[in-house]
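Going letter by letter, the sequence shown gives residues 1 to 192 in the UniProt record's numbering.
In this text, a Cβ means the ideal position worked out from N, Cα and C, and glycines have one as well.
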Amino acid sequence: MHLTTSPRRRRALLRRLAQAELSYAEVGASRGKLPAGYRHVTRDALVGRGEDAFARVSQGLLSWEMHRRAGLTVDASTPHVTPDATVLLTVGVTGRGLTVPCRVVDVTDEPRRRGFAYGTLPGHVETGEECFEVRHDVDGDVRFRVTAFSRPAGAAMRIVGPLGELALDRMLDRYVWACERLALGVVEPRRG
């Protein structure tokens, strides 16, 4: 677990983790059959309609904007999601708080489906993977889906148990909310 207090410290942490190994073995499993021994979570929501909404949500998802709008401070090795990009997501006030590191393990860029998956790095409070995907269905619906598998990374998180699950569920709600706002074209002040 990383507690960060400044942008400078987050940038230093980002550099240190650039070559770190993922903290789990089942890389890519969030795109298929989820592995045993983890908590499995899937959230699928209608977030908008039409080509413009799909384009806005796709852009927001692949530029880390969805995470920012969900209330996270984002420090990433690349301004847009790319394979092997490292990202630090900080929960807290003005970028000070609990920082969790991840690495992008897969990117999808198809005409009617876009998204990515990232996996946990050492120092994350959990081990596992999370996949974010936006689809433009043939009926015009724009759907956002999160699929994840995770388990606590250490004894402290195992003790917290249900509180950690509640926090994850709340974060999923915020991701859906952020995608709904993106689909509508709501302009919001830029966060970290």
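Counted as a single uninterrupted DSSP element, the beta strand (DSSP E) harbouring E133 occupies residues E126 to H136.
Restricting attention to R31, A70, R9 and P111, the CA atom closest to the CA of Y118 is found in R31. Secondary structure within the UniProt domain "DUF1990" (23-176): the beta strand (DSSP E) runs of 3 or more consecutive residues, fully enclosed, are 39-49, 73-76, 86-93, 96-110, 113-120, 126-136 and 141-152 (chain order).
Inclusion of R69 and A178 in the CB contact set at 8 Å is warranted, their separation being smaller than that value.
Contact annotation: V125 and V142 have beta-carbon atoms that are not nearer than 8 Å. Annotation for W64: V74, A76, P79, H80, V81 and V87 place their beta carbon closer than 8 Å to its own, counting only its chain and skipping 5 residues before and after. No Cβ-Cβ contact shorter than 8 Å links T120 with C131. The three-state reading of DSSP puts A12 in helix, counting H, G and I together. Judged by DSSP in its simplified three-state form, A20 adopts coil rather than helix or strand. Of the candidates L13, R9, K33 and A53, A53 places its Cα closest to the Cα of D137.
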